[in-house]
Structures are given as C-alpha cells and as structure tokens.
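Heads up: the structure comes next, in structure tokens.
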Amino acid sequence: MGMTMSQKILAYHAGLESVKAGQLINAELDMVLGNDITSPVAVKEFEKAGFGCIKCPERVSMVMDHFTPNKDIKAAEQVKTVRTFANKYGVENFFDVGRMGIEHALLPEQGLVGAGDLVIGADSHTCTYGALGAFSTGVGSTDMAAGMMSGQCWFKVPSAIKFVLKNKPAKYICGKDVILHIIGLIGVDGALYKSMEFTGDGIQYLSIDDRFTICNMAIEAGAKNGIFPVDDVTREYLNGRFKREVRVFEADPDAEYERTIEVDLSKLEPTVAFPHLPENTRTPEAWGEVKIDQVVIGSCTNGHISDLRIAADILRGKKVAKGVRCIIIPATNTIWKQAMHEGLFDVFIDAGAVVSTPTCGPCLGGHMGILAAGERAVATTNRNFVGRMGHVDSEVYLASPYVAAASAVAGKIATPDQIK
Amino acid sequence: MQVRGTVFRYKSDVDTDVIIPARYLNTTSEAELASHCMEDIDKEFVKKVKKGDIIVAEDNFGCGSSREHAPIAIKASGISLVIANSFARIFYRNSINIGLPILECPEAVKNIKAGDVVSCDLSKGEIVNETTGQKFQAEPFPEFIQNIIDKGGLIASIKAGK
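Protein chains in written order, with my numbering: chain A, 100 to 519; chain B, 242 to 403.
Okay, structure coming up:
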C-alpha cells in the first residue's frame, strides 16, 4: 500500500523503506524550535538531566517572540534564562529583539525550514511549515529538550485526511477563509492525531502566505500536521533562501486516506469564527450586528506582507471607526521594513490605526492589546478560546485581514463590500 | 500504582488557555502555575482540589497551545489522574513526558459524576467508581509509550537507554 506525503517524509527521516499509520518510530530532526514561553521549561529539563551538550546546535532555533519586547520583569527573566543557555551551548539561531520576528514567519523567512524537512517545535503552530512541503508539528518543552539532546523525536505515524481544493478563490477570499471553512466543517477535533494533506487544482491560486495561514491552523482542527505539495510557488519562495537542499516528497497514487473532502474555493464566502471555538464559523448572512472594540491584524497566522497589503487596500482613504482600536503587527522585522517601504504605514496611521513591533503579544493575551471585560475584538489570529486575548468575559472573533480591516472601519463585523 | 480521589468534571474541548491562562506563563514555578490552574473555567477548582483528586472530561481535553505548563499545573495542583474520552495530541505527549497519568475511557466518562470518589490501578488501567461500585477498563497504552511511563517520563527513559 502507498504512503501519504507526510508518511513519506517520516519514513525518510526514520531511515525506513516505508511506514504505516499507527507505527511508532524514532526519526532524525532537521530543526528543533522553542520560544520565550516554552524554552525556559525545556532549558530547566535539559540542565536538570545533565545532558551536557546539544547534538546539533545549528538545528536548534530559539525565538523570543511571545512576551517580547519583555513585558514585565518575569518575562525578562525568562528571556535571560534562554539567552544564557543559547550562549552557553552555542545556539546561533537565537533570535532576540532586533533579530526576532514571530517564530512561524521568521524561520521560513530566514531559510531555516523548507521542503522535505522534519521539524518539531515547542509551539503548537509549528505545523505552519507544512506550507513549504515539510513535516512539521508542535510538541512540548520536554520533547524540545530531548530533541536538542538527541537530534531525534518519537512519532506515531499519522493517518490522513485529503482536502481537494478546487477552482479559483472568490473575491475577498484568502487562506484564512479556506481554513476557517474547513474547521467549521470538521470541528476542532475533526483531524485529531491526523495529517491534513491539501491538494487539487485550486492550490495553484494560493500564495505561499495563504498556505502558511492554512497549515498554521491545522492544529485548530486537532491535526498533527498540515501539508502542501511542493510546486512552483514553493520553489520560488525557497530559492536563494532555504539553507538546505530541497527534498521533494509526493503522496503515492494509492496512498490511503481516512476521508477525502472537496472544497470549491470559488464558492467560499468570508468566514468568521465566533466565540469561543474556531469551529463556530459563520458566513455574512449569519453575522448579525456585532459591535466591536478592537481589531488586531497580525500573528503567525496573518502577519505576512500580503496580509498587510490586504489591510492597507481596505483602509486606504478610510478611517477606523470611533471607539475602535486597530492594532497592526507585522510578523517580522523584514516584513515591517517592506511594509514601511511600500507606504503601508502611511495608510494605517492616516486611518487611525497603530503599528506595533513584531510580537505574538495580544494573540495569547500577553500584552500590546489586552481586552477588558465585555470587550470584543475581531482578530486575524488563530484562537478565540475563553479569555484568550484578555479578560475571561471578553470575546474574540477570528477573521481574514479583509474582514478585520473592513470591521475596523465599520465598527462592527463587516465585509469589504459593506463599507463601500 | 494506585490513585484515589474526588472527581472534578468538565465537558469537551477544555483548552490549555483555560487550564493555565497565558497571563501566568511568565513563570516556570510549578506551585505558582498550580495556583491558577483551571481559573478561567472553574474558579472553585484551586480552592477545592486535594492531593489525589481526579479530573474527568469528555472529548479533546487539552486542545490548543503546546504549553507544557498545562499538564504541569494540573499535576502540581495535586491531581493524580485525568480520564477523558480523548486528549488533544500535544497534551497527550506532554502528559506522558512529564508523568501526569492520563487514561482514555469513554465508559468511565459516561458513568462518573462530579464529586464521585474514584480509584484506579494505573498499571492495569482499572477504574473503579467507588460511589456507585461500577468498574471500567481503560485502553492500554502501546508498549513503546508504556515504557516511557514506566521509566518515569521521557528524559528519564532517554537517560536509561543511553
């Protein structure tokens, strides 16, 4: 029997001819990632175990992005712990303020992850790199510590759901709508323990940023990983950037999938996930009048340059509604600079929005835009759990940059057409 | 190993943001994390929980973030076992890696209420609802994973294998 694309990557890294769903394997890692929240726990475990050295320091990345620039003394102490560890053990890919960006935008941008890789990260959104044709999955801090020491990780080989994306996306539809639609369809545990493999003629219309967004939120359906095949879009992105050799894996024609789901991209509508689960998706006819207090455009999900361009297109010549705070967070310094050069910041600031330094910040209720009791935010982020962006009685509505920017202007959840 | 305690009962999709809100992730102190455990879903939990108590939940327990602080907070609060229909995969890994006992057992979930006294032989996966007298058998772990549990977590099992 054939293998899925994910299974082929796992088999290769485990040094096996083939693997099958359910099999437990040990495999060689190309990259181990941690951030300023998860690395301190890994550092503690690593030092407590007395491991002594990191197997391949060049295959470890530590990105200080969640509570940075350090939001308080405790956050500063945590970053200091990681900084000291990185210096001691020779971790060159330690990204502090000035070099850092949101990890899942930064690692691809820096060429540290790419096609054919096997990556683990102590951050659930590590599944983002599947956009580049990598097998990439989130783990905890102890797995990170073990991965640093041994260069390996154990995996249970996942089965897969195949998503056949068809046709060209409709107007104002981007990767965010695709993945929210899918999560609405299968639920927050609809892909539990499984791979989500995306294919079909529609993927040619999805930019690399759209693919990052889609794979990023695979975890919100419970998936182990999300993955796209390697095509011209991938190669163009990796060319001159990716520091290792591109390894292309393709699903076998007779690969077995638990389910196949077709999604007609031309029929999708702007999709918003209402509180308090990403599966509570609604399209415009079911939105009703939802007044908002804040808009956040950024995060590892939608802080890419194309997301900022979309936001600027909607906000150009318009004003953020009175009483709404609109916070825009470019995901990395490179994206920040690019947006500045393209004049996007003029658009944002003239509209009455604010531009932040790269940080995960408000997405997880850290800093830079926390909600008070009873407040509502439309955010391009990835989770709308109870208390996620602040007070336990606040609400987060997940949306695309089109809808988020239009909502900022309307003062309520709106499509771009509704603010014309 | 035998555990015994009173049950705290939760529904499906209990996420790691409610198990330990991100505003408390600026520390790795186990005691401090435990002092905020379940705060955003159940303010009474921290006040009532006693050493040995047991959490019983429905589907997809521990979904969301990869924060190991979530199982650490639960374990440090005194909880001896979490029983659910299913666990989110990163939470499942993390629990095994740090030695928080977890069991999948839909029959037990169906037949255990909040406040029931439950005991369990962890090595056999035998769950007893002492309040009602009912007995349940949890799914056994694959040998590979049972080996990690027996060695006392991932780091200990790696060290033992060296």
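Don't be surprised by glycine CBs; every beta carbon is placed ideally from N, CA and C.
Residue i - DSSP class collapsed to helix/strand/coil
{"i": "R415 of chain A", "result": "coil"}
{"i": "Y496 of chain A", "result": "strand"}
{"i": "I427 of chain A", "result": "strand"}
{"i": "P166 of chain A", "result": "It should be noted that the sequence gives Phe, not Pro, for residue 166 of chain A. It is coil, neither helix nor strand."}
{"i": "C361 of chain B", "result": "strand"}
{"i": "V118 of chain A", "result": "coil"}
{"i": "T247 of chain B", "result": "strand"}
{"i": "T359 of chain A", "result": "strand"}
{"i": "Q303 of chain A", "result": "helix"}
{"i": "T382 of chain A", "result": "coil"}
{"i": "V502 of chain A", "result": "helix"}
{"i": "Q106 of chain A", "result": "helix"}
{"i": "I404 of chain A", "result": "helix"}
{"i": "L344 of chain B", "result": "strand"}
{"i": "E367 of chain B", "result": "strand"}
{"i": "D242 of chain A", "result": "helix"}
{"i": "G356 of chain B", "result": "coil"}
{"i": "E402 of chain B", "result": "First, the residue type needs correcting, since residue 402 of chain B is Gly and not Glu in the sequence shown. Three-state result, G402 of chain B: helix."}
{"i": "A452 of chain A", "result": "coil"}
{"i": "R334 of chain B", "result": "helix"}
{"i": "K511 of chain A", "result": "strand"}
{"i": "Q209 of chain A", "result": "coil"}
{"i": "A438 of chain A", "result": "helix"}
{"i": "D222 of chain A", "result": "coil"}
{"i": "I396 of chain A", "result": "strand"}
Neighbourhood of residue i by C-beta, 6 angstroms cutoff - its chain only, sequence neighbours within 5 removed
{"i": "F194 of chain A", "result": "V162"}
{"i": "A411 of chain A", "result": "L443 and V446"}
{"i": "V196 of chain A", "result": "T167 and P168"}
{"i": "S437 of chain A", "result": "Checking the displayed sequence, the identity of residue 437 of chain A turns out to be Gln instead of Ser. Closer than 6 angstroms at the Cβ level, and outside the excluded window around Q437 of chain A, lie I404."}
{"i": "D307 of chain A", "result": "Reading off the sequence shown, one finds Ile at residue 307 of chain A, where the question assumed Asp. The answer, listed in chain order, is V332 and Y336."}
{"i": "V359 of chain A", "result": "It is Thr, not Val, that sits at residue 359 of chain A in the sequence shown. K261, listed in sequence order."}
{"i": "I409 of chain A", "result": "P500 and Y501"}
{"i": "A472 of chain A", "result": "H490 and D492"}
{"i": "I331 of chain B", "result": "S307"}
{"i": "R340 of chain A", "result": "G210"}
{"i": "D309 of chain A", "result": "C273 and G274"}
{"i": "R482 of chain A", "result": "none"}
Residues sharing a beta bridge with residue i, DSSP
{"i": "A259 of chain A", "result": "A:S294"}
{"i": "N324 of chain A", "result": "A:S294"}
{"i": "G489 of chain A", "result": "A:L470"}
{"i": "W253 of chain A", "result": "A:N125"}
{"i": "T373 of chain B", "result": "Bridge partners of T373 of chain B: none, in fact."}
{"i": "L217 of chain A", "result": "A:F234"}
{"i": "M101 of chain A", "result": "For clarity, residue 101 of chain A is Gly in the given sequence; the question names Met instead. Looking at the DSSP assignment, G101 of chain A forms a beta bridge with A:A354."}
{"i": "N192 of chain A", "result": "A:S160"}
{"i": "L264 of chain A", "result": "A:V362"}
{"i": "L322 of chain B", "result": "B:I295"}
{"i": "Q378 of chain B", "result": "B:E367"}
{"i": "K390 of chain A", "result": "A:K511"}
{"i": "G534 of chain A", "result": "Outside the modelled stretch of chain A, which goes from 100 to 519, sits residue 534 of chain A, for which no answer is possible."}
Other residues of its chain near residue i: CB distance less than 7 angstroms, five sequence neighbours each side excluded
{"i": "A113 of chain A", "result": "I124, N125 and A126"}
{"i": "S105 of chain A", "result": "F234, P257, A259, S294, E296, N324 and I326"}
{"i": "E371 of chain B", "result": "V358, V359 and S360"}
{"i": "V142 of chain A", "result": "T180, V181 and F184"}
{"i": "T431 of chain A", "result": "G200, I201, A204, L205, E208 and P457"}
{"i": "E67 of chain A", "result": "Since the first residue shown for chain A is 100 and the last is 519, residue 67 of chain A is missing from the structure and cannot be characterised."}
{"i": "V159 of chain A", "result": "V131, I153, V190, N192 and M247"}
{"i": "E299 of chain B", "result": "K252, S253, A325, N326 and V350"}
Residues near residue i in its chain [Cβ-Cβ closer than 8 angstroms; skip 5 each side]
{"i": "D281 of chain B", "result": "D258, V259 and P262"}
{"i": "A401 of chain B", "result": "K392"}
{"i": "K417 of chain A", "result": "A450, V508 and I518"}
{"i": "T433 of chain A", "result": "G200 and E208"}
{"i": "K154 of chain A", "result": "M247, M248, S249 and G250"}
{"i": "G237 of chain A", "result": "I219, G220, A221, D222, S223, H224, T225, C226 and I318"}
Next item on the list: Decide if the segment 353-370 of chain A is in contact with the segment 498-512 of chain A; the criterion is three or more beta carbon pairs, one per stretch, under 8 angstroms apart.
Entry: yes
Checklist line | 3-residue-minimum beta strand (DSSP E) runs that sit fully inside the segment 131-186 of chain A, ordered along the chain | finding: 159-162
Check: With contact counted as at least three CB pairs below 8 angstroms, one residue from each stretch, are the segment 330-341 of chain B and the segment 354-362 of chain B in contact?
Finding: no
Notebook entry, point to check: Quick check: the segment 295-313 of chain B against the segment 259-266 of chain B, are there 3 or more CB pairs under 8 angstroms?
Noted result: yes
Checklist line | Inter-stretch contact (C-beta, 8 angstroms, three-pair minimum) for the segment 473-480 of chain A and the segment 244-263 of chain A | finding: no
Check: Can you find at least 3 beta carbon pairs, one from the segment 201-215 of chain A and one from the segment 276-290 of chain B, that sit closer than 8 angstroms?
Finding: no
Next item on the list: Take every Cβ of the segment 419-433 of chain A, pair it with every Cβ of the segment 165-184 of chain A, and state whether three or more of those distances are shorter than 8 angstroms.
Entry: no
Check: If you scan the segment 265-316 of chain B from start to end, which runs of the beta strand (DSSP E) of 3 or more residues do you find wholly inside it?
Finding: 295-298
Next item on the list: State whether the segment 344-354 of chain A contacts the segment 311-320 of chain A, with contact taken as three or more CB pairs (one from each stretch) at a distance under 8 angstroms.
Entry: no
Margin query: Quick check: the segment 270-280 of chain B against the segment 310-330 of chain B, are at least 3 beta-carbon pairs closer than 8 angstroms?
Written below: yes
Notebook entry, point to check: Does the segment 128-138 of chain A come close enough to the segment 209-229 of chain A that 3 or more CB-CB pairs lie under 8 angstroms?
Noted result: yes
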